[in-house]
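Visitor:
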DNA sequence: TAATAAAGTTAGGCTAGACTAACTAATAAG
DNA sequence: CTTATTAGTTAGTCTAGCCTAACTTTATTA
Ligand SMILES: [Mn+2]
Ligand SMILES: [Mn+2]
Ligand SMILES: [Mn+2]
Ligand SMILES: [Mn+2]
């Protein structure tokens, strides 16, 4: 049975590799920063995880997940995202509140509990932030999405997810009166500073790249990001 | 913020004092046994809890809860019993499975979460084992109950709770085909070994004191344990 | 290619929460 | 009232997970 800490390491490695544009390995310093600990601490732990067969690693090398490490990590992600969904769907929490609570709930191990929760929620495919929920086998299908910042002038998009999950960002999205599923069209892009004018709900608004780079979209007509010929 | 361990100590002290026939203090050895650790460990921790103002204690003395310790402990009990209720009511777990899971869930602190859970469950008064659920202020009303072993010949009772919460005991109750809310009448008591013949669902069955001492009942007519004149 | 910077490791130390072994205080029995 | 028993404490040790400071390896850049 893995400790909270070990699970958080695996989850962090997943975020920095599998979930980050198909990079397959990550350095100790980056991992340390992501986990909010010092590199020295990660050095130790990563050796421990290697001894347990959860990561591939050798001195001065990069870290990646083994098959088993990935499975265990994905199950943490599964629990996290199912609890987030529960908190929003059943207890009425806002999408900017669920992450923090899920950080605790994700460490409750019972497979039976989590599979029943899944069922209770009608086997959701996505969490409140639009992120895919891994299945009970730890498999995940991440649909291809692009960021709003990649959008083209005049085209219409549907918001499917957000990259940044911080309460600050999510509350800003709330204030803009936008949510997952909403449609926005790109009016114009300013090449000087990457600011963008977008149109939604009968209004034009200017957003910074900090916003548009953190919003995932697909074509509002064909629901695709790649290979859209609309 | 209290650690898991500290919370477990407070909960344990509650169980051994407030919930155990109004005894008000408990010794280090008993506490150690209840927590599954050695007395030396408890000696240390109890001093720490005293320094934090959560227990009354002095060297070689007994341990009891301060006002604050009792409040904090009762909130753990509240969380425990609400999660047990959730697991049974919403996720369809059996009453013999919920305790173990609640042991983990009870340590998730968010007040907002637990109050919303309470609301989601329609503010239940009792958990799956018939135990009262403390309110958000840590107050609890424990109705007066007697054990089936105290029952009188020929009288009819309603099962309101169980004392032993172990899966073994609860599964035995299941096999007897009994549950909270069921009516049983006492046919006869054997003074030699305290065995009891009880009648329910058109059947007579003999039960040992190990059973009858762990089942709480009230009069099936007036719903009282004390002052019943039926 | 040599110097410098960045990345990563090691050694030693800290705290929480557990343990064992040896001790001391309180209580019960004779 | 003295002794034996039980209850409780202390000292020292261990592990997990963190830290800092000093060091080493790898990568970058002149
Ligand atoms: Mn999250
Ligand atoms: Mn999420
Ligand atoms: Mn319980
Ligand atoms: Mn219970």
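Protein chains in written order, with the numbering used here: chain S, 1 to 230; chain D, 1001 to 1230. We treat Cβ as the ideally placed atom computed from N, Cα and C, and that holds for glycine. Fair warning: this is a prediction, and the values are worked out from it, not measured in the lab.
(1) Kindly indicate which residue of S:217, S:177 and S:225 has the alpha-carbon position closest to the one of residue 202 of chain S.
(2) Output needed for residue 1011 of chain D: all residues of its chain with C-beta closer than 7 Å, excluding positions within five of it in sequence on either side, in chain order.
(3) Which one or two residues does DSSP pair with residue 219 of chain S in a beta bridge?
(4) For the putative contact between residue 162 of chain S and residue 94 of chain S, defined by C-beta atoms under 8 Å, what is the C-beta separation to the nearest angstrom?
(5) Which word fits residue 58 of chain S, buried or exposed, when buried means at least 16 other C-beta atoms lie within 10 angstroms of its C-beta?
(6) Between the stretch 133–151 of chain S and the stretch 210–224 of chain S, do three or more beta carbon pairs fall short of 8 Å?
(7) Any heavy atom of ligand 2 within a distance shorter than 7 Å of the CB on residue 128 of chain S?
(8) Taking C-alpha atoms, which residue in D:1144, D:1015, D:1083 and D:1107 lies nearest to residue 1119 of chain D?
(9) For ligand 6, any of its heavy atoms closer than 7 Å to the Cβ of residue 199 of chain S?
(10) Give me the residue from D:1157, D:1183 and D:1146 with the minimum Cα distance to residue 1230 of chain D.
(11) With residue 1014 of chain D as the anchor, note down where its beta strand (DSSP E) starts and where it stops.
(12) To the nearest angstrom, how far is the alpha carbon of residue 1103 of chain D from that of residue 204 of chain S?
(13) Closest to residue 208 of chain S by CA distance: which of S:170, S:195 and S:24 is it?
(14) Mind checking whether residue 4 of chain S and residue 107 of chain S have CB atoms under 8 Å apart?
(15) Determine the chain D residues that contact residue 90 of chain S at a beta-carbon separation under 7 Å, and present them in chain order.
(16) Taking 7 Å as the cut-off, is the CB of residue 8 of chain S close to at least one heavy atom of ligand 1?
(17) Between residue 1065 of chain D and residue 113 of chain S, what straight-line distance do the alpha-carbon atoms span, to the nearest angstrom?
(18) So is residue 1032 of chain D buried or exposed if we call it buried at 16+ other beta carbons inside 10 Å?
(19) What does residue 120 of chain S pair with, by DSSP beta-bridge criteria?
(20) Return the residues of the stretch 182–206 of chain S that lie within a Cβ-Cβ distance of less than 8 Å from chain D, sorted by chain order.
(21) Let me know the alpha helix (DSSP H) ranges lying completely inside the stretch 1013–1090 of chain D, each 4 residues or longer, listed in chain order.
(22) In this structure, does DSSP put residue 1212 of chain D in helix, strand or coil?
(23) In angstroms with no decimal places, state the Cα-to-Cα distance between residue 21 of chain S and residue 49 of chain S.
(24) Check the Cβ of residue 110 of chain S against every Cβ in chain D and list those closer than 7 Å, keeping chain order.
(25) May I ask which residues mark the beginning and end of the beta strand (DSSP E) holding residue 1203 of chain D?
(26) In whole angstroms, what separates the C-alpha of residue 1027 of chain D from that of residue 1002 of chain D?
(27) Taking only beta-carbon atoms, is residue 104 of chain S less than 8 Å away from chain D?
(28) In chain D, which residues lie less than 8 Å from residue 116 of chain S when you measure between Cβ atoms?
(29) Answer yes or no: do residue 116 of chain S and residue 225 of chain S have a C-beta to C-beta separation smaller than 8 Å?
(30) The beta strand (DSSP E) spanning residue 1189 of chain D covers which residue range?
(31) Who are the Cβ neighbours of residue 1017 of chain D in its own chain at under 8 Å, not counting the five residues just before and after it?
(32) Whole angstroms are fine: how far does the CA of residue 1009 of chain D sit from the CA of residue 234 of chain S?
(33) Given that residue 75 of chain S touches chain D, what residues does it touch there, using C-beta distances under 7 Å?
(34) Under 8 Å, Cβ to Cβ, is there at least one residue of chain D near residue 113 of chain S?
Guide: On the basis of the data shown:
(1) S:177
(2) 1073, 1076 and 1077
(3) S:157
(4) With a Cβ gap of about 13 Å, residue 162 of chain S and residue 94 of chain S do not count as contacting.
(5) exposed
(6) yes
(7) yes
(8) D:1083
(9) The ligand content of the structure shown is limited to ligand 1, ligand 2, ligand 3 and ligand 4, which means ligand 6 is not among them.
(10) D:1157
(11) No beta strand (DSSP E) holds residue 1014 of chain D; the alpha helix (DSSP H) holding it covers 1004–1016.
(12) 52 Å
(13) S:195
(14) yes
(15) 1120
(16) no
(17) 33 Å
(18) buried
(19) Partner(s): none; residue 120 of chain S has no beta bridge.
(20) none
(21) 1028–1035, 1039–1051 and 1067–1089
(22) helix
(23) 24 Å
(24) 1101
(25) 1203–1207
(26) 22 Å
(27) yes
(28) 1091, 1092 and 1093
(29) no
(30) 1183–1189
(31) 1023, 1024, 1025, 1026, 1064 and 1065
(32) Nothing about residue 234 of chain S can be reported from this structure: the residues present for chain S run from 1 to 230 only.
(33) By Cβ distance, chain D contributes nothing, its closest Cβ being about 16 Å from residue 75 of chain S, past 7 Å.
(34) yes
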